[in-house]
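Residue numbers (the numbering used here), protein chains in the order written: chain A, 1 to 275; chain B, 1 to 305.
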């Protein structure tokens, strides 16, 4: 009897947790599928399937361009931080040298400082390079937060690889570059998937730098575009469009996260708990 | 023997070579801009032309202007932002820790359908912050929001509430959205901590027939405390720099403005790079001191083990 009561309690709790976690996104999907005439009628379940909002969000602003911008920035950020992360992680994870612990601490510190602290200096740098209102300014500035966790997670992983592999390669006369690309890379791919995904999501979601370093509609990334969708007046926000845009940019991320959920969880905990 | 040290030396050389690109970029995009921001804090730089500035000492922080104190340290709006940030960080991190622990305990129990819960819980984490701010401001809409509708149907409120516009409610709204968005992250960190605990303590407690709530407070909590501390510190440092959620949910309202929102408003909207940089520097110093404190305390405990 007590067991059944406990089990009912557990499943009740589970139901509450699932409802709490899923409902807001579910409601955004329901709202995005409503035609404008029904948007202000409250409904908890979808009654109509209208794609109007999805069409108008692309027609009323350069949303396709915004998505492309976000993709360009995120993919370049992932490529650059993986390259820098793997080379640095080899040095930090496999070689004993003086100052290594200090260096790791500094890198961890960088990951925690507030972005706004580099904003004015970064603004000056972006102008010097002539990159204001250019997507490259975002690739560059996003390195401030992707490098630290990429280096940390890959270093942790690199440390766990067997020493014998590397020794055998050295015996065969392999240089460090060959060791990284031929010996370690094939073993590293799970960690690369994890860090790549985390870097992609961080870049895809970033707002402060994207808001500050881009000016025109065609250079904006998706989060900024969504935040700046306005109607004819402040009190008439086109909620249908906003919800449609929100669903469009969230679905790919949610799908990626759900496919790779084990990898992501292990990456998050490696970055934090072992830090 | 000499061959060995030769090899070591060449490996250390290679290590620095491999570190160089990463270190160069990190210095370029983090080190240098940080130093420039601190420097700008002592100047009267303006965003319209960053090459024209004058060194003005600590006047951005505190200055005597005809017998009246002016500057950041006597600006009531700055202190309001500091209070908002601290209030937000303390309340939201506390709620996230408690709720995160409940979810982590549920996920740590084995029952059919556990994978579904784990998946569902990841959704708020995956939703971009801007999107969650927009989703919630639609749900919290004063006239057409589903939250008001649900609360009225349940008889908890008599009239619809203006969640994001009412000065008494807007901070609650911000905290509510942040808790929804970041509790999953907390839960996953705590779950990782729970899963590292040895199971024999539990078996001993279960054999002795001790009440599960007592087991949690007497056995689980003390054992999992280091993991909880790490998670709390990570979240707290993250909460202190909050920008995007507040900026989108309540824009530049004084009632919810955080230190980051204040600094950016001065820097970009008012173009006062000097003053804004001073504010950024104060925020950075606060966070930096907390990081140093954490690392020192963490190291001390690490050595004892």
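Beta carbons: idealized from backbone N, C-alpha and C, even for Gly.
Can you tell me where the alpha helix (DSSP H) with residue 98/B in it begins and where it stops?
76 to 108
What's the C-alpha gap between residue 117/B and residue 181/B?
Between residue 117/B and residue 181/B, the C-alpha separation is close to 16 angstroms.
Could you list which residues in chain A have their beta carbon closer than 7 angstroms to that of residue 134/B, in chain order?
226, 242 and 246
Going along chain A in order, which residues have a C-beta closer than 8 angstroms to the C-beta of residue 260/B?
In chain order: 114, 115, 116 and 208.
Using the DSSP secondary-structure output, state which residues sit across from residue 306/B in a beta bridge.
Here chain B has residues from 1 to 305 only, and residue 306/B is not among them.
List the residues that DSSP assigns as beta-bridge partners of residue 205/B.
According to DSSP, residue 205/B bridges with nothing at all.
Leaving out the 5 sequence neighbours to the left and right, which residues in its chain are closer than 7 angstroms to residue 91/B when beta-carbon positions are compared?
So the qualifying residues of the chain are 175.
Closer than 8 angstroms, CB to CB, is residue 173/B near chain A or not?
Answer no: the Cβ-Cβ gap between residue 173/B and chain A never drops below 8 angstroms.
Starting from the N-terminal side, write out each stretch of the alpha helix (DSSP H) that is 4 residues or longer and does not extend beyond the stretch 197 to 247 of chain A.
208 to 213 and 222 to 227
Is it true that the CB of residue 279/B sits closer than 8 angstroms to the CB of residue 125/B?
no
Would you verify that the beta carbon of residue 147/A is, or is not, closer than 8 angstroms to some beta carbon of chain B?
yes
So with Cβ pairs under 8 angstroms, would you call residue 220/A a contact of chain B?
Interface flag for residue 220/A against chain B is unset, since no Cβ pair is found closer than 8 angstroms.
When every heavy atom of the ligand GTP is checked, does at least one fall within less than 7 angstroms of the C-beta of residue 88/B?
This structure simply doesn't include the ligand GTP, nor any ligand for that matter.
Counting beta carbon pairs with one atom in the stretch 138 to 148 of chain B and one in the stretch 32 to 50 of chain A, are three or more of them shorter than 8 angstroms?
Judged by Cβ distances under 8 angstroms, the stretch 32 to 50 of chain A makes contact with the stretch 138 to 148 of chain B, as three or more pairs qualify.
To the nearest angstrom, how far is it from the Cα of residue 160/B to the Cα of residue 204/B?
53 angstroms
Going by DSSP in three states, residue 187/B sits in which element: helix, strand or coil?
helix
Does DSSP put residue 300/B in a helix, a strand or coil?
Unreliable placement is indicated for residue 300/B, whose pLDDT of 48 sits below 50; the coordinate value is still reported in the next sentence. DSSP places residue 300/B in helix when its eight states are reduced to three.
In the DSSP output, which residue or residues are listed as bridge partners for residue 230/B?
According to DSSP, residue 230/B bridges with nothing at all.
Which residues in chain B sit within 8 angstroms of residue 261/A, going by Cβ to Cβ distance?
By Cβ distance, chain B contributes 118, 119 and 122.
Does any residue of chain B bring its CB to less than 8 angstroms from the CB of residue 212/A?
yes
Between which two residues does the alpha helix (DSSP H) containing residue 164/A stretch?
163 to 171
Assuming residue 66/A and residue 193/A make a contact with CB atoms under 8 angstroms, what is their CB distance in whole Å?
With 8 angstroms as the limit, residue 66/A and residue 193/A do not qualify as a contact, their Cβ atoms being about 26 angstroms apart.
Which residue or residues does DSSP assign as beta-bridge partners of residue 68/B?
65/B
Following the continuous alpha helix (DSSP H) through residue 141/B, name the residue where it begins and the one where it ends.
Per DSSP, residue 141/B lies in no alpha helix (DSSP H) segment and is marked neither H nor E.
Between the C-alpha atoms of residue 255/A and residue 249/A, what's the straight-line distance to the nearest angstrom?
One C-alpha to the other measures close to 11 angstroms.
Can you tell me which of 247/A, 261/A and 6/A puts its alpha carbon nearest to the alpha carbon of residue 133/B?
247/A
Could you tell me which residues DSSP pairs with residue 200/B in its beta bridges?
Residue 200/B has no beta-bridge partner at all, per DSSP.
Could you tell me how far apart the beta carbons of residue 245/B and residue 177/B are, in whole angstroms, since I believe they sit closer than 8 angstroms?
6 angstroms
Relative to the alpha-carbon of residue 128/B, which residue among 200/A, 139/A, 57/A and 92/A has its alpha-carbon at the smallest distance?
200/A
Is DSSP giving residue 178/B helix, strand or coil here?
helix
If you run the structure through DSSP and keep just helix, strand and coil, what is residue 255/B?
coil
Measuring CB atoms only, is the stretch 33 to 50 of chain B touching the stretch 159 to 173 of chain A, in the sense that at least three cross pairs come out at less than 8 angstroms?
no
Report yes or no: do three or more beta-carbon pairs, one from the stretch 224 to 235 of chain B and one from the stretch 182 to 190 of chain B, lie closer than 8 angstroms?
yes
Starting from the beta carbon of residue 82/A, find every residue of chain B whose beta carbon is closer than 9 angstroms, and list them in chain order.
Within chain B, no residue has its CB atom less than 9 angstroms from the CB of residue 82/A, the nearest being about 11 angstroms off.
Which residue marks the beginning of the alpha helix (DSSP H) containing residue 153/B, and which one marks its end?
146 to 153
I'd like the span of the alpha helix (DSSP H) that includes residue 109/A, first residue to last.
Residue 109/A: member of the alpha helix (DSSP H) spanning 100 to 112, first to last residue.
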